[in-house]
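Visitor: Below you will find the structure I want to go over with you.
Number of protein chains: 2
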Amino acid sequence: MRKKLVVCAVILSVAGSVVAADRPVAPNGIALYPDYLSWKVVAPSYREDKGQIRVITGNEIAVAALKAGTKPLPDGSVLAKVAWKAEKHPNFPVASEPGAFVQVEFMVKAARKYKETGGWGFARFVGNTLQPYGKDKSFVVECFGCHTPVAGNDYLFTKMVKSP
Amino acid sequence: MRKKLVVCAVILSVAGSVVAADRPVAPNGIALYPDYLSWKVVAPSYREDKGQIRVITGNEIAVAALKAGTKPLPDGSVLAKVAWKAEKHPNFPVASEPGAFVQVEFMVKAARKYKETGGWGFARFVGNTLQPYGKDKSFVVECFGCHTPVAGNDYLFTKMVKSP
Ligand code: HEC
Ligand code: HEC
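Those sequence lines, one after another, are chains A and B.
For the first sequence, the residue numbers in the UniProt record's numbering are 1 to 164.
For the second sequence, the residue numbers in the UniProt record's numbering are 1 to 164.
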């Protein structure tokens, strides 16, 4: 029993630690994908109630599937949503541009592994320290709850932008 | 003289034509860069007076210079600004997402060639037909005029987003 507790403590401290191999790790074990701003644009978005401006990007697998209209997205797809405080441009106040970094969130597709949350693993990293969000892995209940109304779109709110 | 006129007519018809090598061409000769949505994100932006949501992307040369803080940007830098009509998300109306495509604009750095407009060549392609904007090449007066207040930032409004 004591052995089990020790093992648990070690697992918890690893899962909850801010850095693993130099990358922050969410309480459910998902590590930050550091290259999320090198991925292709899925869409910009603006959240007026929170005063945030965002961009949603996707890795190659996700973007290829979104372009082809493949639903559900295949395993290996990862989407990132990056949020900044929206600030009025000093030279052009009717335009809002990104100010301070707020957070980055990920949805990682692994249909079997995350079958209880629609096949998606969720993770959020907050502020300039990229602090993993959530005390334990039950934080995903909040994410999944809010994404459930869009179950018909594979739990995704965002569609690939249209361009001619 | 007749020869000169014929040459002029040919040049004009080429410059003003909607398609050259399958790409629309602006009246100043700048052809659409078809891969602008594969470029890296510089920043999202939101224009409340026009109800538009945008994303600014840059080619490799531009993004490398912006990251390094190199000003003015080197020749070969190209920035794109893509605009969509902002629409409230049907499942989440406080979030605005891209609807219909409005236009794509480019700024192309060639310090010598475009020295009268801060070293930047401007081009805009409107709507799903990507109609080149401007009756003749004097259309750039409008672009340059509006970008002149940000001459101190190499005529760019947008800064590279910050992320940790
Ligand atoms: C209160 C509702 C709500 C909650 C809670 C929520 N989301 Fe979202 N999420 C949204 C909406 C709405 C969008 C669409 C884009 C936007 O609003 O900027 C979105 C978009 C996303 C995207 C981009 C893909 C898509 O579906 O459009 C990711 C990734 C994401 N959320 C991750 C998370 C994670 C991780 C959590 C929990 C830690 C979370 N979300 C919790 C409402 C929510
Ligand atoms: C009425 C003012 C105005 C005019 C006219 C204007 N722009 Fe801009 N432009 C802006 C502002 C403000 C931004 C910052 C981003 C935003 O508002 O979405 C911008 C951004 C851009 C960008 C992205 C790089 C940057 O500077 O941020 C490009 C490319 C661009 N404009 C091209 C053009 C072209 C091409 C034309 C003319 C055909 C033009 N602009 C005319 C105001 C203007």
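We put the beta carbon where it would ideally sit given N, CA and C, even for glycine.
I'd like to know whether the C-beta atoms of residue 167 of chain A and residue 86 of chain A end up nearer to each other than 7 Å.
Guide: Residue 167 of chain A is absent from the model: chain A starts at 1 and stops at 164.
Visitor: Please name the residue in A:59, A:66, A:141, A:88 whose C-alpha comes closest to that of residue 159 of chain A.
Guide: Nearest C-alpha to residue 159 of chain A: A:66.
Visitor: Please specify which runs of the beta strand (DSSP E), each continuous and at least 3 residues long, are wholly inside the region 17-105 of chain B, giving them in chain order.
Guide: List check, beta strand (DSSP E) in window: 40-47, 52-58, 78-89.
Visitor: Give a single yes or no on whether residue 105 of chain B has its beta carbon closer than 6 Å to a heavy atom of ligand 2.
Guide: Yes, the beta carbon of residue 105 of chain B sits closer than 6 Å to at least one heavy atom of ligand 2.
Visitor: To the nearest angstrom, how far is the alpha carbon of residue 103 of chain B from that of residue 75 of chain A?
Guide: If you take the alpha carbons of residue 103 of chain B and residue 75 of chain A, they lie about 34 Å apart.
Visitor: Report, in whole angstroms, the separation of the C-beta atoms of residue 161 of chain B and residue 98 of chain A, which I expect to be a contact under 8 Å.
Guide: Their Cβ separation, rounded to whole angstroms, is 5 Å, which keeps residue 161 of chain B and residue 98 of chain A in contact under 8 Å.
Visitor: When you compare each of B:132, B:123, B:152 to residue 140 of chain B by their alpha carbons, which one comes out closest?
Guide: The residue with the shortest Cα to Cα distance from residue 140 of chain B is B:123.
Visitor: Along the region 53-73 of chain A, where does the CB come closer than 8 Å to a CB of chain B? Name the residues.
Guide: Cβ contacts with chain B: 53, 54, 55, 57.
Visitor: Would you say residue 128 of chain A reaches chain B, if we count a Cβ-Cβ gap shorter than 7 Å as a contact?
Guide: Interface residue, yes.
Visitor: Using 8 Å as the cut-off, can you tell me whether the region 35-44 of chain B makes contact with the region 76-84 of chain B, which would need three or more C-beta pairs spanning the two stretches below that distance?
Guide: The region 35-44 of chain B, when compared against the region 76-84 of chain B, does touch it at the 8 Å Cβ threshold.
Visitor: If we ignore side chains and look at the alpha-carbon of each, how far apart do residue 43 of chain A and residue 91 of chain B end up?
Guide: Rounded to whole angstroms, residue 43 of chain A to residue 91 of chain B spans 16 Å at the Cα level.
Visitor: Pull out every residue of the region 77-105 of chain B whose Cβ sits closer than 8 Å to any Cβ of chain A, in chain order.
Guide: Those would be 82, 84, 86, 89, 91, 92, 94, 95, 96, 97, 98, 100, 101, 104, in chain order.
Visitor: Taking residue 119 of chain A as the reference, which of A:155, A:89, A:94 has the closest Cα?
Guide: Of the candidates A:155, A:89, A:94, the one whose C-alpha sits nearest the C-alpha of residue 119 of chain A is A:155.
Visitor: Could you tell me how far apart the beta carbons of residue 27 of chain A and residue 137 of chain A are, in whole angstroms, since I believe they sit closer than 8 Å?
Guide: Yes, residue 27 of chain A and residue 137 of chain A are in contact; Cβ-Cβ is about 5 Å, under 8 Å.
Visitor: Would you please verify whether the beta carbon of residue 116 of chain B is less than 7 Å from any beta carbon of chain A?
Guide: Judged by the 7 Å Cβ criterion, residue 116 of chain B is not in contact with chain A.
Visitor: Got a sec? Which residues, its chain only, sit under 7 Å from residue 62 of chain B by beta carbon, not counting five neighbours each side?
Guide: For residue 62 of chain B, where only same-chain residues beyond five positions count, the Cβ hits under 7 Å are 73, 77, 78, 79.
Visitor: Is residue 97 of chain B near ligand 2, judged by its Cβ being under 6 Å from some heavy atom?
Guide: False, no ligand heavy atom lies under 6 Å from that Cβ.
Visitor: According to the neighbour-count rule (16 or more other Cβ atoms, all chains shown, within 10 Å of its Cβ), is residue 57 of chain B buried or exposed?
Guide: When all chains shown are included, residue 57 of chain B counts as buried.
Visitor: Among the residues of its own chain, which have a CB less than 8 Å from the CB of residue 135 of chain B, if the five just before and after it don't count?
Guide: Here the set comprises 27.
Visitor: Does DSSP put residue 121 of chain A in a helix, a strand or coil?
Guide: In this structure, residue 121 of chain A counts as strand in the three-state DSSP scheme.
Visitor: Taking C-alpha atoms, which residue in B:22, B:148, B:47, B:93 lies nearest to residue 49 of chain A?
Guide: For the residues B:22, B:148, B:47, B:93, the minimum Cα distance to residue 49 of chain A belongs to B:93.
Visitor: In the DSSP output, what is residue 126 of chain B paired with across the bridge?
Guide: DSSP output for residue 126 of chain B lists B:103, B:131 as bridge partner(s).
Visitor: Regarding residue 53 of chain B and ligand 2, is the C-beta to nearest heavy atom distance less than 6 Å?
Guide: Checking every heavy atom of ligand 2 against the Cβ of residue 53 of chain B, none is found closer than 6 Å.
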